[in-house]
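In the numbering used here, the protein residues as written are 31 to 918.
Even glycine gets a Cβ: it sits at the ideal position worked out from N, Cα and C.
Since this is a predicted model, take the numbers as computed values, not measurements.
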């Protein structure tokens, strides 16, 4: 019926493997050491059941522990049986099988069929949020600790809230706090209609407790085969018990107690004994090893034989030769170990004629390789390091997932990643200030963004517009994808993100962005800013012409749309080039005017046009020989950016010098800070040497900051300094270099230790911002000072570091401000494009070659700004959904 013969199924198997493969009904325990062909036995038994006993493929369930193992098993089944029958066999991990069951029958236990699954990252975010909402110290309740308590309880079929008492924690207050966090965590899961990974199995056990569901699966599944059974935990074992129909109980498990590796999540080889007791299975032991040489096999058995809890007695045998000798080295430190490995590598290459590419180094965890990688670099040995990869956790994929999660749950943790994709619309300092504002207003950060227009006095117009557009897009997406399938959801998101990108190529935008600074631009924007501040009238008059009309419209729309300022707008007819009566206020004149006529005593004029005949010294002239709509855009960009300028009086720059480089153990020996003025200058300073506990300062630390134990012998302890320093910084934004990873954790630790208070103020890290702005460049304080031409004395003195970092901070926010300025008001680029085209056509008619910008490009090579003639192919896509294979 399904093809193949008994001889095909049993070909290449040894006697014991054949015994396991040909077993038909009843429970079966296969004891299989490493390399004995256990996966081969499972796949061949599946083939045997189908071919020789006509068991339908869909009535067979094969379970393993990892996605990779499940995929490999499915591939082997397909190879052995062929399609389409092979793919009809259910080959799943425990979790994947549970998801299938729950999706189908969730309503039976009060779950939604569309429940969401929280991965570890989201689980940690929810736990962290729960800790914060309960005003607990995050360091005392780290996510890994809480996650372990939850997982351990659920794997034992327990409620985590009730299981807290069974932990190794004895402090009653801590136990009650953890219980409160777990209750809040579970409440949030219910609120988001979500399950964590451990819930998947726990809820499936609950579901199979419903008699009609259990009977349905007894009819649907006739044979169950489990690989790596030695790694099951209590909930998984109970799940298998519920799935097995009686009296047949056709459950085959393959196990080896020596290979149990998941004890940290509740697995225990004792379930092998439980299986023997509960199922009384036929037992087959596979002891022919096909993978390693005799010496490797014996060495491995020698190691595992030292396990005091080991009950297994039989020994594997191999048919391979003895193989090469194994050498074992013992080292005192990780660095010594790394140097020893390098010595072996160099001997193999130089004395044994091996190539570097012939050598591999294996290690237990990725973290252990950090020291080795550093020493290999020092030894100038090239290597390729294989790191754990997750394509969904990097680059654009991470941002897209953040967008999807934000649509679904609106967690603040996903906001920054999503709002600045595909293009940055809120820079680092603005983001920090928004967080700070939410704290000052005592509202949730996400609520502040959702109602951003209510904070016009505190948030600049460009930021408000960007946030408002993002939130509108988010709400539209949420409505568009309701009840949609995942492929439709992703495509809808891609389409929305594609529309939000600029339709212009980078070289097109350079025509505007790389224009030289217009003379008098700062003065002109100052005049406009003052008029807006004093609520003075503003009038815009444009001579006849497409470029002039476009320029006037850009200014008028900027004033009305962004600044809620009404301005009188007048377009002159073709035969008129004299402005109307210039009353008091600000007048923007666009075009070539013969004369300005009479003007009021307090009238200020900004002219974007030819100054001929208008040599009045009071006129602010913004003309180049270029396009007037470009000058208008530049003026409006500069004006809008002025409203985004931060008030730095709410900020403090600080620095610590300490006894070491580990923030968990380092103690403060010097602390300094500058309180800033509105424009970022020093207003007040704080400086104090600190005597560390015990008074000892390691020589390695002294070499860095020159502070010795004798220097701080009579200095106050940190417990005496903190109240004064805390009063100095108050709730201001904290600015520092590497504060996120170093200074803040130390300061927060000591504040909790001595003042029982938290460090809640948002921070701006100049190192993080510099790394974003200058990727692949050195961003330590000395390198940044050199880049910006900041003179300094010896660094690593707290007071000097504060002064230098204050200047670095000002330079960094200038760069971000410039980027924000030139990328703003993109909705007016079509008008600029029309202006350029009009000016180009006019000059061509006059027989002169137009020079819009001194970029060095010829007319033929200069790209057009207006996107009217651009094909779809010329515009980059966010997602390759419409690309052909050839184009990739």
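Please report how far the alpha carbon of residue 678 lies from the alpha carbon of residue 780, in whole angstroms. Reading the chain shown from its first residue, position 648 is the one you call residue 678. Reading the chain shown from its first residue, position 750 is the one you call residue 780. Between residue 678 and residue 780, the alpha-carbon positions lie close to 26 Å from each other.
Under 7 Å, do residue 57 and residue 311 count as touching if we go by C-beta distance? Position 27 of the chain shown, counting from 1, holds the residue named residue 57. Position 281 of the chain shown, counting from 1, holds the residue named residue 311. The answer is yes: Cβ separation under 7 Å.
Going by DSSP, which residues form a beta bridge with residue 328? By 1-based counting over the chain shown, the position of residue 328 is 298. According to DSSP, residue pairing for residue 328 in a beta bridge does not occur.
Cβ distance (whole Å) where residue 795 is taken to contact residue 770 below 8 Å: Along the chain shown, read from residue 1 onward, the residue named residue 795 stands at position 765. Along the chain shown, read from residue 1 onward, the residue named residue 770 stands at position 740. Taking C-beta atoms under 8 Å as the contact rule, residue 795 and residue 770 qualify, at a distance of about 5 Å.
Would you call residue 810 buried or exposed, if buried means 16 or more other Cβ atoms sit within 10 Å of its Cβ? Within the chain shown, numbered from 1, the residue matching residue 810 stands at position 780. Residue 810 should be labelled exposed.
What does the alpha-carbon distance come out to for the pair residue 862 and residue 870? Position 832 of the chain shown, counting from 1, holds the residue named residue 862. Position 840 of the chain shown, counting from 1, holds the residue named residue 870. Each residue's Cα considered, the two are about 12 Å apart.
Tell me the residue span of the beta strand (DSSP E) that contains residue 243. Position 213 of the chain shown holds residue 243. DSSP places residue 243 in no beta strand (DSSP E) but in the uninterrupted alpha helix (DSSP H) bounded by 241-250.
Let me know the alpha helix (DSSP H) ranges lying completely inside the segment 774-800, each 4 residues or longer, listed in chain order. DSSP runs (the alpha helix (DSSP H)) wholly in the segment 774-800: 774-780.
Report yes or no: do the segment 757-768 and the segment 462-475 share at least 3 C-beta pairs separated by less than 8 Å? The segment 757-768 vs the segment 462-475: in contact.
Please report the straight-line C-alpha distance between residue 389 and residue 398, rounded to a whole angstrom. For the purposes of this step, residue 389 is taken as the residue at position 359 of the chain shown. For the purposes of this step, residue 398 is taken as the residue at position 368 of the chain shown. C-alpha separation (whole angstroms): 18 Å.
Per-residue DSSP class, three states only, for residue 573: Here residue 573 is taken as the residue at index 543 of the chain shown, counted from 1. In the three-state scheme derived from DSSP, where H, G and I count as helix and E and B as strand, residue 573 is classed as coil.
If contacts are defined as beta-carbon pairs under 8 Å, then residue 577 and residue 868 qualify, I think. What distance do you get, rounded to the angstrom? On the chain shown, position 547 is the one that residue 577 refers to. On the chain shown, position 838 is the one that residue 868 refers to. Confirmed, about 5 Å.
Identify, in the order they occur along the chain, each residue of the same chain with its Cβ nearer than 8 Å to the Cβ of residue 736, setting aside the five sequence neighbours on each side. Position 706 of the chain shown holds residue 736. If the five residues before and after residue 736 are omitted, its C-beta is found closer than 8 Å to the C-beta atoms of 824, 826 and 827, all from its own chain and listed in chain order.
With the cut-off set at 7 Å, would you say residue 429 and residue 413 are in Cβ contact? For the purposes of this step, residue 429 is identified with residue 399 of the chain shown, where counting begins at 1. For the purposes of this step, residue 413 is identified with residue 383 of the chain shown, where counting begins at 1. Contact flag unset, no.
Where does residue 286 fall in DSSP's three states? Counted from its first residue, the chain shown places residue 286 at position 256. Three-state result, residue 286: coil.
Quick one, are the C-beta atoms of residue 49 and residue 255 less than 7 Å apart? To locate residue 49, count along the chain shown from 1; it is residue 19. To locate residue 255, count along the chain shown from 1; it is residue 225. No. Outside cutoff.
Assuming the contact rule is C-beta atoms closer than 8 Å, residue 166 and residue 207 should be a hit. Round their C-beta distance to whole Å, please. To locate residue 166, count along the chain shown from 1; it is residue 136. To locate residue 207, count along the chain shown from 1; it is residue 177. The C-beta separation of residue 166 from residue 207 comes to about 6 Å, placing the pair in contact by the 8 Å criterion.
Pick from 556, 660 and 495 that is closest to residue 594, judged by C-alpha positions: In the chain shown, counting from the first residue as 1, residue 594 sits at position 564. Nearest option by C-alpha distance: 495.
Minimum length 3: unbroken beta strand (DSSP E) runs contained in the segment 682-739: Whole beta strand (DSSP E) segments, 3+ residues: 698-706 and 712-719.
Within its chain, find whatever has a CB closer than 7 Å to the CB of residue 45; leave out the 5 residues flanking it on each side and keep chain order. The residue labelled residue 45 in the question sits at position 15 within the chain shown. Excluding positions up to five away in sequence, the list is empty.
Can you tell me the Cα-Cα spacing of residue 896 and residue 860, whole angstroms? Here residue 896 is taken as the residue at index 866 of the chain shown, counted from 1. Here residue 860 is taken as the residue at index 830 of the chain shown, counted from 1. Confidence in residue 896 is poor, its pLDDT being 40 and thus under 50, which makes the residue's placement too unreliable to answer from.
Spatial neighbours of residue 183 within its chain, please: CB distance less than 6 Å, with the 5 preceding and 5 following residues excluded, ordered by chain position. Reading the chain shown from its first residue, position 153 is the one you call residue 183. Answer for residue 183: 190 and 193, listed in chain order.
Per DSSP, what kind of secondary structure is residue 48 in: helix, strand or coil? To locate residue 48, count along the chain shown from 1; it is residue 18. Reduced to three states, the DSSP call for residue 48 is helix.
Is residue 215 helix, strand or coil when you go by DSSP? As a first step, residue 215 is located in the chain shown; it is residue number 185 there, counting from the start. Three-state result, residue 215: helix.
Please state the DSSP three-state secondary structure of residue 473. Position 443 of the chain shown holds residue 473. Residue state, collapsed to three classes: coil.
Taking residue 617 as the reference, give the member of 431, 635 and 611 with the closest Cα. As a first step, residue 617 is located in the chain shown; it is residue number 587 there, counting from the start. Distance check between residue 617 and each of 431, 635 and 611 places 635 closest, using alpha-carbon atoms only.
Ignoring anything shorter than 4 residues, give me the alpha helix (DSSP H) runs that lie fully in the segment 794-850, in order along the chain. Runs of the alpha helix (DSSP H) inside the segment 794-850: 796-803 and 811-817.
Check the DSSP bridge columns for residue 43 and list the partner residues they point to. Here the question's residue 43 lines up with position 13 in the chain shown. In the DSSP assignment, no residue is bridged to residue 43.
Residue 120 - partner residues in DSSP beta bridges: Here residue 120 corresponds to residue number 90 of the chain shown, with the count starting at 1. Among the bridge pairs identified by DSSP, residue 120 is matched with 91.
Would the segment 562-574 count as touching the segment 684-695 if we require 3 or more Cβ pairs under 8 Å? The segment 562-574 is not in contact with the segment 684-695.
Rounded to whole angstroms, what is the Cα-Cα separation between residue 717 and residue 580? As a first step, residue 717 is located in the chain shown; it is residue number 687 there, counting from the start. As a first step, residue 580 is located in the chain shown; it is residue number 550 there, counting from the start. Going by the C-alpha atoms only, they are around 56 Å apart.
Distance, residue 661 Cα to residue 721 Cα: Residue mapping note: residue 721 aligns to position 691 of the chain shown, counting from 1. Residue mapping note: residue 661 aligns to position 631 of the chain shown, counting from 1. Computed Cα separation, rounded: 59 Å.
Between 411, 615, 387 and 345, which lies nearest to residue 373 when the distance is taken from Cα to Cα? Position 343 of the chain shown, counting from 1, holds the residue named residue 373. For residue 373, the nearest C-alpha among the options comes from 411.
For residue 308, which residues from the same chain have a beta carbon less than 6 Å from its beta carbon, with the 5 sequence-adjacent residues on both sides left out? For the purposes of this step, residue 308 is taken as the residue at position 278 of the chain shown. Setting aside the 5 residues that flank it on each side, residue 308 has no residue in the same chain whose C-beta is closer than 6 Å to its C-beta.
DSSP has residue 254 in a bridge; who is on the other side? By 1-based counting over the chain shown, the position of residue 254 is 224. Answer is 91 and 281, bridged to residue 254.
Cutting at 6 Å between CB atoms, please list the residues of its own chain near residue 846, excluding the five before and the five after it. Your numbering for residue 846 matches position 816 in the chain shown. The residues are 457.
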